[in-house]
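Trainee:
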Amino acid sequence: MDVKAIVSQMTLEEKAALCSGKDFWHLQTPERLGIKPVMVSDGPCGIRKQADAADHLGLNASVPATSYPTGSCMACSFDRALFRESGVTLGQACQAEQLSVLLGPAANIKRSPLCGRNFEYLSEDPYLTGELAASYIDGVQSQNVGVSLKHFAANNQEYHRMSSDSVVDERTLREIYLAGFETAVRKSKPWTVMCAYNRVNGTYAAENKRLLTDILRDEWGFDGYVVSDWGATTADRVKCLEAGMDLEMPGKNAANDKQLVEAVKNGTMDEKVLDTAAERILTVVLRYLDNRKPETVIDFEADHEKARKIAAESMVLLKNDGVLPLKKDAKIAFIGEFARTPRFQGGGSSNVNAYKVTSALEAAGTMGLQVSFAPGYAIQTAEPDEAMLREAAETAKNADVAVVFVGITDAMESEGFDRRTLSMPKNHEALVEAVSKVQKNTVVVVMCGGCITMPWLDDVRGVLYAYLGGEAVGPATLDLLFGDVNPSGKLAESFPKRLEDNPSYLYYFGDEQNRTEYREGVFVGYRYYDKKNIDVLFPFGYGLSYTTFAYSDLKLDKAEMQDTDTLTVTVKVKNTGAVRGKEVVQLYVGMPESRTLRPDKELKGFEKVELEPGEEKTVSFTLSKRAFAYYRTDIQDWYVESGAYTIMAAKSSREIACTASVQITSTTEIKRVYTMDSTVEEIMESPTGRAVMEKLVAGSGLVPSGESEGPDLGAGTAHMMEVMMREMPLRSLIAFGGDSVPEGLGETLLSQLNA
Ligand code: BGC
């Protein structure tokens, strides 16, 4: 069907109605013209289709659905194929449940470990976020169902989530908070993008034309519709529409529809703006309606197994002194209520009505294992219970090994509010302490959406970080504990030693004007800990395996290149242990001698490879301009500084296995207006400037030549001369040159530079 033709037949009122929902989850399509209403649902880690009473907080019932591991868990898989696969399964479920759009993935950056919604978000790193979000989108949309990439943008806290103002400088916005969205939009063309609740630099995301139109559409080529987060539309509906916020959800806000109609009628808004929004929405609606697969059925049992596989590929083994994998014939005690009643998903809009939840205790029963159990704590309280602790210690003592299941409760972590501490509840801490005192073989399994501190780390022999592992959390945990699956997850976020170490710590909760200043700039997560050389509990990219890997032979296909060339990087990785395993090979790039304040290293590539014992594979990466660039605000573009870059193949952000170096030359002409105040360094930045300057310096005697007679300057003085020269304004250079500088030389030079 021709969308433009349909829109041309719609009345003004019908077009306005299409730009806001019919109810909580449906769109108000022009049924008069034969277009059926369509439904959207949350996302992202399972579908939350509400049949009856609707809400956006996960409170009322929804249809049974498979609960997959949350974003924070799944991101640790560092596995694009897994994300795509899970997207395909979710897309199929949407077809079966007649959903046109799945509200996810959630691609906001984990700025602080306190964000209550970190469990839904992927990483502190924009490259990882963008790559994984893109794969998820590809998967869902391959089933002719759309996604809604959310929450655009700079929505990194739950505190005052509907009104806070994220005050972010341009470079930080581009490099950290937009980059993941940019990758996902450019690579995978999401059908819809959801604008965030918050303000960004003073303007609500819903009214933010710069974000929703200039950047999202004009720069990145987004061609779907922008939907408001539920209730994010401001009082000025016209301004939102003009900014590029096409669809208001939920509906029906008759007053807002009226605003749109009135604005067209009284000439304050061009009807074309409304037509464009209507066309965008209808295009997506029809793409879905024209490609329905009504025969699709959900195989809940098969999907449960998929959820198990995803969880086992994602959970991270943080500590193992040899206690793991456990032997199936050992006398094992499972301690902690989470072993029986697991925490497997987060609270709020992503909360699904799980088809079936299998606990570790239940899974152990199914596997025929003899496991004793003591709850150790009650979930509803944080207060330790002495009797329960005693019972737990007794049970642990009578076993060969104790596995303690602890974490963070729903009451401490959810959409809608932020955490106030990285500590586990007191009763969980007390349980680890009580058990590890009496049982030297203690392993801890942590169920939590984000990171925690671990004052007990030295007292236990193993730690498996399960995150929020979805409905099959129990069997997945056992797969890893018993070594049926070899752990391969790597942390997608840094675990600081103390909350106070986090770079956003001082500014996180904003000021009395509700402004949250992102003063740490681009130094988020490992970018900060590395630069400041701060010890962390566990670094970004870290995770253990039951085997070991050796890296060798890092090779670059060129030693020198221009920023327009691509660089091929290869590295050999060998499984040097006794069992099959998967390794996430990470590639970081840094520029040690940069003149700009930059992180020491940034993730620019990763590949997950599976290796048999003794097997070796060559892993290959291609790096192009963006891998070396930073966002330069004076030219409002990505810029590669000329110089040497270090390429690092790494096991984690703190374990670099091999390095190599490449020399890159910038091809960007910096279009600045040169004046007598421009420094030699600035002038030398442009290829024209370099040529002119070299000639000038060579012929003028402005710099003492190495061959000149006179006192030996010594290394320190020579360095001083070099630095002073570099930083000298043109006017001073000429003044110091005295008579040797021909009259008018400065003016001639400037006219050449500014030509
Ligand atoms: C959340 C969104 C969600 C929407 C609909 C909002 O409160 O921020 O992520 O998609 O509700 O449930």
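Numbering (my numbering), first residue to last: 7 to 761. Glycine is no exception: its CB is placed at the ideal position from the N, C-alpha and C atoms. Since we're looking at a predicted model, the values are computed, not measured.
So, does the CB of ASN66 fall closer than 8 Å to a CB anywhere in chain D?
Mentor: You won't find chain D in this structure, because it holds only one protein chain.
Trainee: Looking at the strands, I want to know which residues DSSP matches up with GLU608.
Mentor: Note: GLU608 sits in a beta bridge opposite VAL595.
Trainee: Measure the C-alpha to C-alpha separation of GLY342 and LEU395 and round it to an integer number of angstroms.
Mentor: In a straight line, the C-alpha of GLY342 is about 10 Å away from that of LEU395.
Trainee: Look at the alpha carbon of HIS725 and the alpha carbon of MET731, and state the distance between them as a whole number of angstroms.
Mentor: Each residue's Cα considered, the two are about 10 Å apart.
Trainee: Assess, as a yes-or-no matter, whether the segment 122-141 is touched by the segment 336-356 under the definition of 3 or more beta carbon pairs within less than 8 Å.
Mentor: Yes, the segment 336-356 is in contact with the segment 122-141.
Trainee: Return the chain-ordered list of same chain residues with a C-beta closer than 7 Å to the C-beta of GLU764, the five sequence neighbours on each side being excluded.
Mentor: Within the shown structure, residues of the chain are numbered from 7 to 761, placing residue 764 beyond reach of any answer.
Trainee: Would you report the Cα separation of SER169 and LEU218, rounded to the nearest angstrom?
Mentor: Looking at the two C-alpha atoms, the distance is approximately 18 Å.
Trainee: Are there three or more Cβ pairs, one per stretch, closer than 8 Å when the segment 589-601 is compared with the segment 653-663?
Mentor: Output reads yes: the segment 653-663 touches the segment 589-601.
Trainee: When the Cα atoms are used, what is the spatial distance from ARG349 to LYS42?
Mentor: Going by the C-alpha atoms only, they are around 39 Å apart.
Trainee: Can you look up ASN433 in the DSSP assignment and give me helix, strand or coil?
Mentor: If DSSP states are grouped into helix, strand and coil, ASN433 belongs with the helices.
Trainee: Taking 7 Å as the cut-off, is the CB of GLY49 close to at least one heavy atom of the ligand BGC?
Mentor: The answer is yes for GLY49.
Trainee: Quick check: what's the CA-CA separation for GLY712 versus ALA666?
Mentor: For GLY712, the pLDDT reaches just 46, beneath the cut-off of 50, and the residue's location in the model is therefore unreliable, leaving the point undetermined.
Trainee: Taking the alpha helix (DSSP H) that VAL279 falls in, what are its first and last residues?
Mentor: Note, VAL279: alpha helix (DSSP H), 277-295.
Trainee: Assign MET731 to one of three DSSP states: helix, strand, or coil.
Mentor: If DSSP states are grouped into helix, strand and coil, MET731 belongs with the helices.
Trainee: Could you check whether the Cβ of LEU109 sits closer than 7 Å to any heavy atom belonging to the ligand BGC?
Mentor: Checking every heavy atom of the ligand BGC against the Cβ of LEU109, one is found closer than 7 Å.
Trainee: Can the beta-carbon of ALA417 be found less than 8 Å from the beta-carbon of LYS21?
Mentor: Not closer than 8 Å, so no.
Trainee: Below 8 Å on the Cβ atoms is my guess for GLY77 versus LEU128; work out the distance and round it to an integer in Å.
Mentor: So it is a contact: roughly 5 Å between Cβ atoms.
Trainee: Given ALA159, which residues of its chain have a CB within under 7 Å of its CB, disregarding the five upstream and five downstream residues?
Mentor: So the list reads TYR183, LEU184, PHE187, ALA202, VAL206, ALA211 and LEU217, once near-sequence residues are dropped.
Trainee: If we require 4 or more residues per run, which alpha helix (DSSP H) segments fall completely within the segment 507-586?
Mentor: With a minimum length of 4 residues, the continuous alpha helix (DSSP H) runs that stay inside the segment 507-586 are 532-537.
Trainee: Is there at least one non-hydrogen atom of the ligand BGC closer than 7 Å to the beta-carbon of ASP3?
Mentor: Only positions 7 to 761 of the chain appear in the structure, and residue 3 is not among them; the question remains open.
Trainee: When you compare only the Cα positions, how much space is there between GLN265 and ALA650?
Mentor: When rounded, the distance between both Cα atoms is 57 Å.
Trainee: With DSSP as the reference, please indicate the residues paired to MET321 in a beta bridge.
Mentor: BP columns for MET321 are empty, so no partner.
Trainee: What are the start and end residues of each continuous beta strand (DSSP E) run of 3 or more residues lying completely inside the segment 417-494, in chain order?
Mentor: Segments of the beta strand (DSSP E) lying fully in the segment 417-494: 448-453 and 468-471.
Trainee: Using only the alpha-carbon positions, how far apart do ALA23 and TYR294 sit?
Mentor: Distance between the alpha carbons of ALA23 and TYR294: 19 Å.
Trainee: For LEU644, list the residues DSSP reports as bridge partners.
Mentor: According to the sequence displayed, residue 644 carries Trp and not Leu. BP columns for TRP644 point to TYR637.
Trainee: Can you tell which of LYS443, ALA399 and ARG426 has the C-alpha that lies nearest to the C-alpha of CYS457?
Mentor: The shortest C-alpha separation from CYS457 is found at ARG426.
Trainee: In whole angstroms, what separates the C-alpha of LEU550 from that of VAL585?
Mentor: Each residue's Cα considered, the two are about 13 Å apart.
Trainee: Note down, one range per segment and in chain order, each beta strand (DSSP E) of at least 3 residues found wholly within the segment 350-415.
Mentor: Listed in chain order, they are 377-380 and 407-413.
Trainee: Grab the span of the alpha helix (DSSP H) containing SER92 for me, first residue to last.
Mentor: Here the alpha helix (DSSP H) through SER92 covers 86-102.
Trainee: For the ligand BGC, I want to know if SER355 counts as a neighbour, meaning its beta carbon is within less than 7 Å of at least one of the ligand's heavy atoms.
Mentor: For the ligand BGC, at least one heavy atom lies less than 7 Å from the Cβ of SER355.
Trainee: The ligand NAD and LYS215: does any heavy atom of the ligand fall closer than 7 Å to the residue's C-beta?
Mentor: The ligand NAD is not part of this structure, which contains only the ligand BGC.
Trainee: Return the residue from the list ALA478, LEU512, VAL409 and ASP490 that minimises the CA-CA distance to VAL469.
Mentor: Ranking ALA478, LEU512, VAL409 and ASP490 by Cα distance to VAL469 puts VAL409 first.
Trainee: In its own chain, which residues sit with a C-beta less than 6 Å from the C-beta of SER442, not counting the 5 before and 5 after it?
Mentor: Closer than 6 Å at the Cβ level, and outside the excluded window around SER442, lie THR448, ASP465 and VAL466.
Trainee: Can you find the residues in the same chain that come closer than 7 Å, C-beta to C-beta, to SER714, ignoring five residues on each side of it along the sequence?
Mentor: Bear in mind that the predicted position of SER714 carries a pLDDT of just 48, short of 50, making it too unreliable to give a figure here.
Trainee: Less than 8 Å separating the beta-carbons of ALA139 and ALA190?
Mentor: A contact, by the Cβ cut-off of 8 Å.
Trainee: Is the beta carbon of VAL407 sitting closer than 8 Å to the one on ALA308?
Mentor: It is not a contact, given that the beta carbons lie outside the stated cut-off.
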